[in-house]
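Student: Those letters in the sequence shown? Residues 284 to 694, by our numbering. One structure, pasted below without further comment.
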Amino acid sequence: MDRRHFFLQSAALTLAATGLQCKGSQGLTGPSQAAGRKEKHRVAIIGCGRMGQYYAEVYRAMPDTELVAIAEWNEERRKVVGERFGVKALYKDVHGMLKEVVPDIAAVITPTKFMKDAVIACAEAGVKGVSTDKPIAARLSDADAMVDACKQRGVVFAGGNLQRAKWNVQEAGRQLNGGKWGTLQGASIHGFGGEISGGGCQHLSVLRLFARAEVRELIAWGTPLEALAPEKDDAGLIINGLFTMDSGLEATVFGQKTPYSGVEAWTDDALVRWNWNEPQVYMGTDSKGARQEVDPQYAPNLWLDYVKQTQGTIPGTERAPWYGDDYLVTAIRSFLDAVDTGRELFISGHDLRQALEIAIACKLSAQRGNRPVKLPLEDRSLALYPRPYRWLGGDVTNRPQSAEEAAGQSS
């Protein structure tokens with residue numbers, strides 16, 4: 284028995300022992316089940332810059348996916364990345380690809396400006412599942428168009444490489460929502476500044492998960508004043524404010540970093556803190572009155588273990604052999620599981636739209652002299668542009684990628 288099949292057999296036994304397929308973990312398909320699929324998901328990567336290559340690395344590591352096409356406008360990179368991943372069906376754009384190849388799964392990893400066109404084209408062509416990344420759009424109506432196009436055609440529309448999809452962030456959300464730590468009393472965001480439509484997606488998506496609620500009204504203060512200019516993108520914008528959720532919960536928003544830079548949610552007895560790492564749980568106090576950290580007993584992420592077993596790790600570390608963050612593994616597994624079973628996504632296109640809408644509302648409230656703003660916004664033409672690198676990509680914003688890097692030959 285080779286190493287791969289030995290692990291798959293071991294994983295099947297571990298799945299039964301740990302309950303990965305139980306209701307609490309949403310029945311996420313395990314490694315052994317995926318490896319046993321008769322047909323693999325046919326995957327296309329649309330936009331194969333740095334992030335697109337990261338997606339391709341992760342999809343290549345999965346037992347039930349096959350990379351069948353790449354759409355990339357940069358001719359040199361298209362050729363190099365095709366060779367790197369062994370893909371021969373190479374196209375300049377999504378429209379040329381869809382004339383010849385309609386994949387099961389399309390990962391749209393273009394700069395934000397081009398996401399709408401690609402997502403809608405894939406949905407209209409009959410792709411079963413489409414994913415994109417952050418931020419989903421600048422204009423709210425564009426995000427609406429993507430969500431609606433996928434919904435009308437029964438296409439699963441997933442979000443991408445966000446910490447909300449991290450296994451233990453999901454576990455922390457399930458524990459909070461299930462009442463393990465008591466009744467939720469409040470929440471806060473720390474460090475909501477710099478680029479609230481791009482990086483801010485992370486905070487807003489985790490807040491909504493922990494609260495299991497939507498923001499229905501907010502009031503915000505923004506600095507510096509020049510960042511509030513209507514034509515200004517969100518680079519450097521710092522937001523302080525107060526969110527009121529539709530559950531009645533209130534969340535305080537701190538623009539600058541406190542000792543933390545993530546999201547906190549608390550009950551009468553406990554505090555759950557996400558600070559860009561594993562969510563920590565505190566309950567009770569020590570002899571000095573300080574909070575005591577407790578073991579939340581999260582279920583193991585067998586998918587990440589599987590990828591590390593089959594692909595190895597960077598020598599001297601526990602990290603998988605790509606430059607990004609390990610939570611994309613679980614984001615993709617949740618996406619494939621949703622395509623196969625219809626289960627709820629860990630991160631969806633709707634989640635990305637909600638984050639954009641909240642960010643737009645924050646700037647709007649600050650521009651109006653801290654007036655409260657109700658959500659959903661009536662004016663869907665409102666927009667908040669991300670910084671140029673996110674909006675247009677590195678090739679046109681002085682961060683081009685070398686052919687050596689695209690070939691995976693440099694860090």
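Using N, Cα and C, we set each Cβ at its ideal position, and we do this for glycine too.
Less than 8 Å separating the beta-carbons of glutamine 539 and isoleucine 522?
Tutor: Start at 1 with the first residue of the sequence shown, and residue 539 comes out as number 256. Start at 1 with the first residue of the sequence shown, and residue 522 comes out as number 239. No, Cβ-Cβ distance for glutamine 539 and isoleucine 522 is not below 8 Å.
Student: Taking only runs of the alpha helix (DSSP H) that begin and end inside the segment 358-388, which ones reach a length of at least 4 residues, in chain order?
Tutor: 358-368 and 377-383
Student: Report the residue from Gly652, Ser544 and Thr506 whose alpha carbon sits nearest the alpha carbon of asparagine 558.
Tutor: Within the sequence shown, residue 558 is the residue found at index 275, counting from 1. That would be Ser544, whose Cα lies nearest to the Cα of asparagine 558.
Student: Between which two residues does the alpha helix (DSSP H) carrying threonine 624 extend?
Tutor: Within the sequence shown, residue 624 is the residue found at index 341, counting from 1. Looking at the DSSP string, the run of the alpha helix (DSSP H) that includes threonine 624 is 610-624.
Student: Is the Cβ-Cβ distance between isoleucine 392 and isoleucine 328 less than 8 Å?
Tutor: Your numbering for residue 392 matches position 109 in the sequence shown. Your numbering for residue 328 matches position 45 in the sequence shown. Annotated as proximal: isoleucine 392 and isoleucine 328, with beta-carbon spacing under 8 Å.
Student: In angstroms with no decimal places, state the Cα-to-Cα distance between serine 315 and glutamine 580.
Tutor: Here residue 315 refers to the residue found at position 32 when the sequence shown is read from its first residue. Here residue 580 refers to the residue found at position 297 when the sequence shown is read from its first residue. Cα to Cα, the separation comes out at about 24 Å.
Student: May I have the straight-line CA-CA distance separating methionine 380 from valine 351, to the nearest angstrom?
Tutor: Start at 1 with the first residue of the sequence shown, and residue 380 comes out as number 97. Start at 1 with the first residue of the sequence shown, and residue 351 comes out as number 68. Approximately 11 Å between the Cα atoms of the pair.
Student: Give a single yes or no on whether threonine 568 has its beta carbon closer than 7 Å to a heavy atom of the ligand NAD.
Tutor: Judged by which ligands are present, the structure shown has none, so any question about the ligand NAD falls away.
Student: For arginine 422, which of helix, strand or coil comes out of DSSP?
Tutor: Residue 422 sits at position 139 when you count from the first residue of the sequence shown. Strand, per DSSP.
Student: Could you check the C-alpha separation between tyrosine 374 and isoleucine 353 for me, to the nearest Å?
Tutor: To locate residue 374, count along the sequence shown from 1; it is residue 91. To locate residue 353, count along the sequence shown from 1; it is residue 70. Tyrosine 374 and isoleucine 353: Cα-Cα distance of roughly 6 Å.
Student: Buried or exposed: glycine 632, going by 16 or more other Cβ atoms within 10 Å of its Cβ?
Tutor: In the sequence shown, counting from the first residue as 1, residue 632 sits at position 349. By the neighbour-count rule (16 or more Cβ atoms within 10 Å), glycine 632 is buried.
Student: Suppose the cutoff is 6 Å on Cβ atoms and the five residues either side in sequence are ignored; what does the same chain contact list for arginine 556 look like?
Tutor: In the sequence shown, the residue the question calls residue 556 occupies position 273. Here the set comprises Glu547 and Gln563.
Student: Measuring only the C-alpha atoms, how far is tryptophan 674 from tryptophan 464?
Tutor: Walking along the sequence shown from the start, residue 674 turns up at place 391. Walking along the sequence shown from the start, residue 464 turns up at place 181. The alpha-carbon atoms of tryptophan 674 and tryptophan 464 are separated by roughly 40 Å.
Student: What's the gap between the Cα of alanine 686 and the Cα of lysine 362?
Tutor: On the sequence shown, position 403 is the one that residue 686 refers to. On the sequence shown, position 79 is the one that residue 362 refers to. One C-alpha to the other measures close to 10 Å.
Student: Is alanine 582 helix, strand or coil when you go by DSSP?
Tutor: Locating residue 582 in the sequence shown gives position 299, where the first residue counts as 1. Alanine 582 falls in the coil class under three-state DSSP.
Student: Exposed or buried, which one is glycine 412 when buried takes at least 16 other CB atoms within 10 Å?
Tutor: Residue mapping note: residue 412 aligns to position 129 of the sequence shown, counting from 1. Buried: at least 16 other Cβ atoms inside 10 Å.
Student: Taking a contact to mean a Cβ-Cβ separation below 8 Å, would you say lysine 657 touches arginine 499 in this structure?
Tutor: Walking along the sequence shown from the start, residue 657 turns up at place 374. Walking along the sequence shown from the start, residue 499 turns up at place 216. Between lysine 657 and arginine 499, the C-beta spacing is below 8 Å.
Student: Within this structure, are the beta carbons of alanine 318 and proline 346 separated by less than 8 Å?
Tutor: Taking the first residue of the sequence shown as position 1, residue 318 is located at position 35. Taking the first residue of the sequence shown as position 1, residue 346 is located at position 63. Contact: yes.
Student: By the three-class DSSP mapping on this structure, what secondary structure does tryptophan 674 have?
Tutor: Translated into positions along the sequence shown, residue 674 becomes position 391. Reduced to three states, the DSSP call for tryptophan 674 is helix.
Student: Touching or not, the segment 457-476 and the segment 621-638, by the rule of three or more beta carbon pairs under 8 Å?
Tutor: With a cut-off of 8 Å, the segment 621-638 and the segment 457-476 do not count as touching, because too few Cβ pairs lie within range.
Student: Look up tryptophan 450 in the DSSP assignment and say whether it is helix, strand or coil.
Tutor: Translated into positions along the sequence shown, residue 450 becomes position 167. Correct three-state label for tryptophan 450: helix.
Student: Classify methionine 566 as helix, strand or coil using the three-state DSSP reduction.
Tutor: Locating residue 566 in the sequence shown gives position 283, where the first residue counts as 1. Methionine 566: strand per DSSP, three-state reduction.
Student: Work out the CA separation of leucine 501 and alanine 649 for me, nearest whole Å.
Tutor: On the sequence shown, position 366 is the one that residue 649 refers to. On the sequence shown, position 218 is the one that residue 501 refers to. Using only the alpha carbons, I get a separation of about 10 Å.
Student: Could you give the distance in angstroms between the alpha-carbon of isoleucine 403 and the alpha-carbon of arginine 574?
Tutor: Residue mapping note: residue 403 aligns to position 120 of the sequence shown, counting from 1. Residue mapping note: residue 574 aligns to position 291 of the sequence shown, counting from 1. About 48 Å.
Student: According to DSSP, which residues form a beta bridge with arginine 343?
Tutor: Walking along the sequence shown from the start, residue 343 turns up at place 60. Under DSSP, no beta-bridge partner is assigned to arginine 343.
Student: Assign glutamine 637 to buried or exposed, taking buried as 16 or more other Cβ atoms, counted over all protein chains shown, within 10 Å of its Cβ.
Tutor: Taking the sequence shown and counting its residues from 1, the one referred to as residue 637 is at position 354. Glutamine 637 is buried by the Cβ-count criterion.
Student: From the DSSP output, in three-state form, read off lysine 318 for me.
Tutor: Locating residue 318 in the sequence shown gives position 35, counting from the first residue. It should be noted that the sequence gives alanine, not lysine, for residue 318. Looking at alanine 318 - three-state DSSP - the assignment turns out to be helix.
Student: Alpha carbon to alpha carbon, how far is tyrosine 610 from cysteine 305? Give it in angstroms, no decimals.
Tutor: As a first step, residue 305 must be located in the sequence shown, where it is residue number 22. As a first step, residue 610 must be located in the sequence shown, where it is residue number 327. Because cysteine 305 sits at a pLDDT of 38, beneath the cut-off of 50, its placement in the model cannot be relied upon, and the following sentence gives the value as read from the coordinates. The alpha-carbon atoms of cysteine 305 and tyrosine 610 are separated by roughly 20 Å.
Student: Could you spell out where the alpha helix (DSSP H) holding valine 489 opens and where it closes?
Tutor: In the sequence shown, residue 489 corresponds to position 206, counting from 1. Looking at the DSSP string, the run of the alpha helix (DSSP H) that includes valine 489 is 483-494.
Student: Leaving out five residues before and five after aspartate 376 in sequence, what residues of the same chain have Cβ atoms less than 8 Å from its Cβ?
Tutor: Reading the sequence shown from its first residue, position 93 is the one you call residue 376. Around aspartate 376: Ala354 and Trp356.
Student: Work out the CA separation of phenylalanine 440 and valine 452 for me, nearest whole Å.
Tutor: Translated into positions along the sequence shown, residue 452 becomes position 169. Translated into positions along the sequence shown, residue 440 becomes position 157. Straight-line measurement puts the Cα of phenylalanine 440 at about 20 Å from the Cα of valine 452.
Student: Is aspartate 416 closer than 8 Å to methionine 334 when the C-beta atoms are compared?
Tutor: On the sequence shown, residue 334 is found 51 positions in, with the first residue counted as 1. On the sequence shown, residue 416 is found 133 positions in, with the first residue counted as 1. Cβ atoms of methionine 334 and aspartate 416: closer than 8 Å.
Student: For the beta strand (DSSP E) containing glutamate 533, list its first residue and its last residue.
Tutor: On the sequence shown, residue 533 is found 250 positions in, with the first residue counted as 1. 533-537 is the extent of the beta strand (DSSP E) around glutamate 533.
Student: Quick check on the burial criterion: 16 or more other C-beta atoms within 10 angstroms. Buried or exposed for histidine 288?
Tutor: Position 5 of the sequence shown holds residue 288. Reliability fails at histidine 288, whose pLDDT of 39 lies under 50, so the model's placement of it is uncertain and the value that follows must be treated cautiously. Histidine 288 is exposed by the Cβ-count criterion.
Student: Report the option in Val364, Met398 and Glu366 whose CA atom is closest to the CA atom of histidine 378.
Tutor: Reading the sequence shown from its first residue, position 95 is the one you call residue 378. The shortest Cα separation from histidine 378 among Val364, Met398 and Glu366 belongs to Met398.
Student: Over what stretch of residues does the alpha helix (DSSP H) that includes alanine 642 continue unbroken?
Tutor: For the purposes of this step, residue 642 is identified with residue 359 of the sequence shown, where counting begins at 1. Its alpha helix (DSSP H) spans residues 632-650.
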